[in-house]
Structures are given as C-alpha cells and as structure tokens.
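Here is the structure we will look at, set down as structure tokens.
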Amino acid sequence: MNALAFAPSGFLQPLPLVDQEVLGQLNVNGPRYTSYPTADRFVEAFGPEQYRLALTQRAEGAGAVGGGIAPLSIYVHIPFCESVCYYCACNKVVTRHHEKALDYLDALRLEIELHVAQLGRGQAVSQLHLGGGTPTFLSDEQIEQLLGWLREAFRFVPGGEYGIEVDPRTVDEARIARLASMGFNRLSLGIQDFDPEVQQAVHRVQSFESVARLMQAARASGFESINMDLIYGLPKQTPQGFDRTLVQVSALKPDRVALYAYAHLPQRFKPQRRIDAKLLPAGADKVAMLSRAIRQFRAAGYDYIGMDHFALPTDPLAVARRQGRLHRNFQGYSTHPDSDLIGLGVSAIGRVGAHYSQNAKTLEEYYDALGSGEFPVVRGLTLSRDDLVRRAVIMAIMCQGRVDIESIELAYLIDFRQYFCREIEQLGPLVEKGLVEMEPDGVRVTPMGWYFVRAIAMVFDRHLQADQAMERFSRII
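Here it is in structure tokens:
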C-alpha cells in the first residue's frame, strides 16, 4: 500500500511504507527540534540576571531609530487539570480545587509587571497562546482578568493570532462563544483519538458528537482557525481503528491538525506508569498510522506541513510553508520566524534574541521568586555562533525540507562544505537509503525522508553527536 507525502518541491508523490530493516535502523530516540540547541542543554548558570540583560537588549533595539524589531509572541502556561491523562508529559497540577488558580493569577500579574519594567509598556504583540495543563480550568472571569493585564502591559496588533488550548470536556457551546468574545481567534482542541477503548486506556473520554457540537459553535462564533491535536502510538490503537478517527476528524474539517507520536517515557513522566506497555502498538503499526494519516489528510485537501502538522491550503501555516517562512518554536510550527517569545507561568520557555530561558518547574519555586521581586527563570542558554549556524540548518531541514548552501554561507560567512564536512559524510547512509539527496547547491529531504526528518536533523546536532545520550528523547516514529 502506498501513502502520500508532501515533497519539498511542492509535488504530491507516492511514498511507500518503510520496510522493517529501515525502521529498525532509523526509528531511534531523538529530539523534536522545537529549538536548537534543545531544552535539555539549558544550564542553571543562566538565571534572572542573564534574562534581564536579554530583555534590556531587546528594549534597546526596539528604541533605536529604524530598529524594525518584530512584534512579540507570548505564551502563558496554565498548569492546572481536573483529571490526569495517562499519556501526558506536560508540566501540570492535577486538582479539583479551583481556588488554587487565585494565587497563580496573582503570580502571573507580578511576572507581567516585571517584563513591563524591563521592556517598557506597550511593546507590540502579534501572537498569544494560552496552553497547559488546561487553560479552561480558569473561569471565564479569570481568563478575562488575565487578558486585561496583558492588554494593559502590551499592545496587541490587529490581525494577530490569539489562541487558547481547550479540553473539550471543560467547555460547552456557550463558553466557546464567550472565548471568542474575549478576542481569541484561534482554538486548539485536544482530541488524541475518538476510539472509546483508546480513550478509556488513557483516561480521557470525550465523544465525537460533543466535539462536533463544539466545532459548530466555534465556527458560528467566528474563530478564524481551529486546530485538533491527535496522538498515534497510544495503548490499544491499531492502524484500522485509527483510520476511523482520521475519517471523523477529516469530516469535521479543522483548519489544522497536529499529529504527534506518543513518547512512552514512564521513567520521566509519572502518569505514563499507568499505561501497560504491552498494549502499545508495535513500531511498524505506528509507521502505518503515520502513513495512513498522511494519505487521509492529503486526500481530504490538507497540505502536509512537516513532521507533525497538516493545514488547509488557505491556512497561514500552509501559506508560510509555500513561501519559505515556516519556523519551529517551543509550541511547534509557527508563521512568525523573527518573533521573540516571552514565556509566562510555571515551566514556561522563552526565546529573546540569542537567548533561551525557562521558568521554575514547581509552583513553590515559581511563587518564591516572584514574591522576592525576581524573574522566576532557573535555567537557560546563550547561543554561541556555532549554535546559530546549526540552528539555521536544522530549522531549514525541519521546515523547508531543504538547506540552501549559499544562503547559509552568506548569512554566517562560512564555507558550508568545509564547516560541515563531517556531517556531509554522515549523511552518506541516509543518501543511500533514499532519505536525503545531495544537490550541487543544497541538501534536500526526499518524500521518504519526511518520515525520518528528525534523524536527518540530528546529523547536524553537535551536542547530540558529542555525547550520544539519547535515552532521554522519544522515538522519532
């Protein structure tokens, strides 16, 4: 059976299923590359002082004549959930005590004001995303209060992307309309799978009919873009059963679909210990699910954006893909490659200039820092010149499926073939397997290579090649 893949050249081409030998060789552990270097490379030597300096540099750039600095993106992490989903690897606090949100909102207000003190009031924002956890754990009044603080601190530009993640079990049609009235224009629904047995196995039960009603309400309320999250590789999933979910999702026609491979890392994420590993699908079945998803969504009119995203051709993500403006950040694929990202809330990750930062992962540590009038940043990284060069190459692979050698050489003043002579040699086996093509002016990922695009990017990861400590990452399929 053939599947279909979106080739970097823009043509729809047949893509055969991967045979067991190739799967065994390349279905290794590896990063998702929402950043380079990856977050596991952050160091505790980067703290509040370094973060404050990064903000100061941005503020000075924004104030310079003709600075032309891009608007900000803002991510706000709401960690609370009423119940635990067994597959979840997010930073969360499982509780039914909604009063716990009061202290958290107070802390967010303090963190927002610290940024205002450093950046000045009124910096432009073109993207906002509330994630979690479950952002709709907050009441409508609390969400409005949070938005009010953000609007007082920043200037939200017209036509921006303002989104919120929604657990369908926590909202009804009226609440969807209320979120739209607050100014949200993008909605992300966590679905994972519509199969009742799979839902039971991961402790997240929600019917197709209830989600369909929410979709209808979101359309009627004026949401410009609706995303659905799916996961393949969950317990009790089969390619045939997942086919039914794919058909149901296609019928609802969300603007975007994020399709993630389940990463079973019970040693790191306690809820996953409730999953019986014997119920997880085999690697070959996971590849089949990905292949059939590509075929189903392409047949339904979606563009295959890359590793884990599909979008309708009119969606800004698909437009950015065609125009070569696609980017990856800590939330996945993005249309704003030049935006600094401010992360607010416990464990939130940000990027300002050539600096990455992450907040404290526990509420206690997060509250203590803000109570002392300090940024709650506990680790991060200032990128070296080599990091910047490799980030450009890895992002080109992950987003465009092609590295243009001349562009890299002009931007970073290097001889590409000399700088990456070892990496080009290491690409040899991937070229032989038909996953990569070495062209006179670049490196191109083949249609088959999209299955293993993370493995291709890993070749250029200096940190990963140096220590080979792969066990902390998920499988790439």
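In our numbering, the protein residues as written are -7 to 469.
Every residue, glycine too, gets a C-beta built ideally from N, C-alpha and C.
Cα-Cα separation, residue i to residue j
{"i": "R50", "j": "L100", "result": "21 Å"}
{"i": "V385", "j": "V395", "result": "6 Å"}
{"i": "L456", "j": "G155", "result": "33 Å"}
{"i": "Y325", "j": "Y294", "result": "15 Å"}
{"i": "D453", "j": "S213", "result": "44 Å"}
{"i": "I135", "j": "L97", "result": "9 Å"}
{"i": "H301", "j": "E216", "result": "18 Å"}
{"i": "N219", "j": "E357", "result": "33 Å"}
{"i": "A276", "j": "V311", "result": "32 Å"}
{"i": "T438", "j": "F412", "result": "20 Å"}
{"i": "V445", "j": "I389", "result": "7 Å"}
{"i": "R147", "j": "E103", "result": "17 Å"}
{"i": "G53", "j": "R113", "result": "15 Å"}
{"i": "A449", "j": "E153", "result": "28 Å"}
{"i": "Q315", "j": "Q110", "result": "35 Å"}
{"i": "A(-3)", "j": "L318", "result": "Only weak support is given to the placement of A(-3): the predicted model assigns it a pLDDT of 35, under 50, and the value that follows is read from those uncertain coordinates. A(-3) and L318: Cα-Cα distance of roughly 18 Å."}
{"i": "A274", "j": "S180", "result": "29 Å"}
{"i": "G58", "j": "R205", "result": "Below a pLDDT of 50, predicted positions are generally treated as unreliable, and G58, at 44, falls in that range; the measurement from the model is reported next regardless. Cα-Cα distance, rounded: 48 Å."}
Bridge partners - residue i, DSSP secondary structure assignment
{"i": "S326", "result": "H319"}
{"i": "G53", "result": "Answer is none; G53 lacks a bridge partner."}
{"i": "M430", "result": "V435"}
{"i": "L222", "result": "Q184 and L251"}
{"i": "C73", "result": "V86"}
{"i": "Y28", "result": "None; Y28 has no bridge partner."}
{"i": "H301", "result": "A250"}
{"i": "D396", "result": "G434"}
Residue of the options minimising C-alpha distance to residue i
{"i": "A346", "options": "H301, S27 and H328", "result": "S27"}
{"i": "R167", "options": "V68, D132 and S180", "result": "D132"}
{"i": "P160", "options": "Q192, E201 and E189", "result": "E201"}
{"i": "P432", "options": "G441, R409 and W442", "result": "R409"}
{"i": "V194", "options": "M174, I183, L142 and Y78", "result": "Y78"}
{"i": "R143", "options": "P127, H121, V117 and R236", "result": "V117"}
{"i": "V76", "options": "L238, R88 and N351", "result": "R88"}
{"i": "E74", "options": "D379, K262, P29 and T128", "result": "T128"}
{"i": "D378", "options": "R178, I66, I406 and R265", "result": "I406"}
Beta-carbon spacing of residue i, residue j below 8 Å
{"i": "G22", "j": "P71", "result": "no"}
{"i": "T327", "j": "L309", "result": "yes"}
{"i": "R320", "j": "M387", "result": "yes"}
{"i": "G225", "j": "L272", "result": "yes"}
{"i": "R284", "j": "D221", "result": "no"}
{"i": "F38", "j": "L373", "result": "yes"}
{"i": "L139", "j": "M174", "result": "yes"}
{"i": "L251", "j": "A81", "result": "no"}
{"i": "G233", "j": "D268", "result": "no"}
{"i": "L47", "j": "S331", "result": "no"}
{"i": "V279", "j": "Q229", "result": "no"}
{"i": "P40", "j": "E415", "result": "no"}
Outcome for residue i when other beta-carbon atoms lying within 10 angstroms are tallied against a minimum of 16
{"i": "V149", "result": "exposed"}
{"i": "H107", "result": "buried"}
{"i": "K270", "result": "exposed"}
{"i": "G363", "result": "exposed"}
{"i": "E157", "result": "buried"}
{"i": "K84", "result": "buried"}
{"i": "S376", "result": "exposed"}
{"i": "R436", "result": "buried"}
Cβ-heavy atom distance, residue i to the ligand GDP, below 7 Å
{"i": "Q259", "result": "Looking at this structure, you won't find the ligand GDP or any other ligand, since it has none at all."}
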